[in-house]
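No gaps in the numbering here: position 53 of the sequence shown is 54 in our numbering, and each next residue is one more.
Don't be surprised by glycine CBs; every beta carbon is placed ideally from N, CA and C.
Take a look at the structure set out below.
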Amino acid sequence: MRVRKSVRLATAALTASALLAGCGSVGGSGEGGAVGDKDLKPEDMTMVTVVKLTGIAWFDRMAEGVQTFGERTGVDAREEGADDVSPEKQIQIIQDLIPQQPTAITVVPNSPEALSSVLAQARKQGIVVVSHEATGIENVDIDIEAFDNAAYGEEIMDNLGECMGGKGEYVQFVGGLTAKTHMEWVGAAYDKQQTEFPDMKRVEDPIESTDNEEAAYKKAKEVLAKYPDIKGFQGSAGNDVPGIARAVEEAGLEDEVCVMGTSIPSAAEKYLANGSIDKIFFWDPALAGEAQLQIAMMLAQGETIEDGTDLGIEGYESIKKLDGYDNVFVGDASVAADAETAKQYDF
Numbered sequence: 002m003r004v005r006k007s008v009r010l011a012t013a014a015l016t017a018s019a020l021l022a023g024c025g026s027v028g029g030s031g032e033g034g035a036v037g038d039k040d041l042k043p044e045d046m047t048m049v050t051v052v053k054l055t056g057i058a059w060f061d062r063m064a065e066g067v068q069t070f071g072e073r074t075g076v077d078a079r080e081e082g083a084d085d086v087s088p089e090k091q092i093q094i095i096q097d098l099i100p101q102q103p104t105a106i107t108v109v110p111n112s113p114e115a116l117s118s119v120l121a122q123a124r125k126q127g128i129v130v131v132s133h134e135a136t137g138i139e140n141v142d143i144d145i146e147a148f149d150n151a152a153y154g155e156e157i158m159d160n161l162g163e164c165m166g167g168k169g170e171y172v173q174f175v176g177g178l179t180a181k182t183h184m185e186w187v188g189a190a191y192d193k194q195q196t197e198f199p200d201m202k203r204v205e206d207p208i209e210s211t212d213n214e215e216a217a218y219k220k221a222k223e224v225l226a227k228y229p230d231i232k233g234f235q236g237s238a239g240n241d242v243p244g245i246a247r248a249v250e251e252a253g254l255e256d257e258v259c260v261m262g263t264s265i266p267s268a269a270e271k272y273l274a275n276g277s278i279d280k281i282f283f284w285d286p287a288l289a290g291e292a293q294l295q296i297a298m299m300l301a302q303g304e305t306i307e308d309g310t311d312l313g314i315e316g317y318e319s320i321k322k323l324d325g326y327d328n329v330f331v332g333d334a335s336v337a338a339d340a341e342t343a344k345q346y347d348f
């Protein structure tokens, strides 16, 4: 059964763009693609953001950004997603959307490789396609990342290594082995550990949680039982760190084991407060949702995305083209927070 979240949004005035509007073919990887129309009005656009799954805090927060974008611009925007991280369900959602001919589909893929074919179909039908958390994905017009993924992974390892005193055993969790950004984060973190913290040891390959807090909890319990000397956990999916922290708290190891990774304050606050999470790293999913849709609207209106483009969204005021890619851009939107600093965020 597929779970959908849909919000009909009111018409509002379009905020002015600092970029010049033109008319021409929207770029991107693969063939096909929409043709931008500078006369296309926001209130005549429909956009759908397809997320990894619904019913979790991370994508609930992204839905708020989708709604804010619609209210701000007048675009009819909504979020949809499945009830688990199955790439097949995500593909089916997009297949169902294509005949509806939305102006744009934005997507946070569970498996960039698995979605390549259906995204190509969308672009051939003239639908603008923008992705997030999918560096190098094929058949999209633009991929927008909150930051450079390698730098983000290295930042987490810098903090984990400091917390562990530069030595001891640790493990890394990912939402899925096909989750490209998660694998980039843990890969960069592992490389950093090898060079900067040689006395630390990753005792297993990345552990898959399916972005499920209960699964992360159970697997963390298994790790604690299997490796009684474990000193660190790195989580990648938004539900990893709370699940790991629950296992650490139950074992009474808050002062012995370092737990860090991607989450949001509302999901991690109680564990930050009791010390079973040491630090979280994140970007605001609401702003990322807005950034995807802003790019899609600009492309639909014939504008171009280039090095230095200002999306008018915090953290995305001067996006940069990622080295080695023609259509991947990164913002400067990462945040690190401990128990004290996390209190300033309301999501």
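Whole-angstrom Cβ separation of residue i and residue j, contact assumed at under 8 Å?
i    : j    : result
S210 : A238 : 6 Å
G176 : D212 : 4 Å
A105 : A297 : 4 Å
P243 : E214 : 5 Å
A190 : M158 : 4 Å
D285 : F348 : 7 Å
G154 : E185 : 6 Å
G37  : A301 : 6 Å
A334 : L288 : 6 Å
I1   : V331 : A query on residue 1 cannot be resolved here, the shown segment of the chain reaching from 2 to 348 and no further.
K1   : V258 : Nothing in the structure corresponds to residue 1, since the chain is present only between 2 and 348.
Q173 : I138 : Incorrect: roughly 22 Å between the Cβ atoms, too far for contact.
In the DSSP output, which residue or residues are listed as bridge partners for residue i?
i    : result
M48  : A78 and A105
Y171 : R203 and G233
S132 : V108 and D144
A337 : F282
I208 : F174
Go through its chain and collect everything with a Cβ distance to residue i's Cβ below 6 Å, but skip five positions before and after it.
i    : result
E134 : V109 and T182
Y346 : P266
I143 : V131, I296, I306 and N328
G28  : Caution applies to G28, whose pLDDT of 48 falls short of 50 and renders its modelled position unreliable; the value that the coordinates give is listed next. Nothing listed; no residue qualifies.
E53  : Per the sequence shown, residue 53 should be read as Lys rather than Glu. Hits under 6 Å: V86, V109 and N111.
V336 : F283
A338 : I281
L178 : E209
Q194 : M158 and M201
Who are the Cβ neighbours of residue i in its own chain at under 7 Å, not counting the five residues just before and after it?
i    : result
V119 : I92, I95 and Q96
K168 : D200 and M201
A248 : Y218, A221, K222 and L225
Y228 : E170 and V204
T69  : A287 and E291
P103 : T47, M48, V49 and I128
Identify, in the order they occur along the chain, each residue of the same chain with its Cβ nearer than 8 Å to the Cβ of residue i, setting aside the five sequence neighbours on each side.
i    : result
A274 : A340
A269 : V242, P243, A246, I278, I281 and A343
By alpha-carbon positions, which one of the options ends up nearest to residue i?
i    : options                   : result
L323 : I281, D311, A151 and Y171 : A151
A78  : A217, G290 and G137       : G290
E146 : Y317, D85, Q235 and N240  : Y317
S117 : E89, L54, M165 and Q101   : E89
E255 : P103, M165 and E72        : M165
E80  : E170, T55 and P229        : T55
F148 : F283, K39 and K344        : F283
V128 : D308, L98, T136 and A58   : Note on residue identity: the sequence assigns Ile, not Val, to residue 128. Ranking D308, L98, T136 and A58 by Cα distance to I128 puts L98 first.
P113 : Y171, V51, K125 and R62   : V51
G262 : L41, N240 and E251        : N240
G82  : E72, P100 and M63         : M63
T59  : L178, V141 and S264       : Looking at the sequence itself, residue 59 is Trp, so the reference to Thr does not match. Residue S264 is the option with its Cα nearest to W59.
G325 : K271, E156 and T136       : T136
E44  : D311, A35, E65 and G71    : G71
K39  : E156, A252, Q235 and M299 : M299
Going by the C-beta, is residue i closer than 7 Å to any heavy atom of the ligand ZN?
i    : result
Y228 : The ligand ZN is not part of this structure, which contains no ligands at all.
(request) Write down every uninterrupted run of the beta strand (DSSP E) in the segment 236-316 whose length is 3 residues or greater and which is fully enclosed by it, in chain order. (result) Runs found: 259-263 and 280-283.
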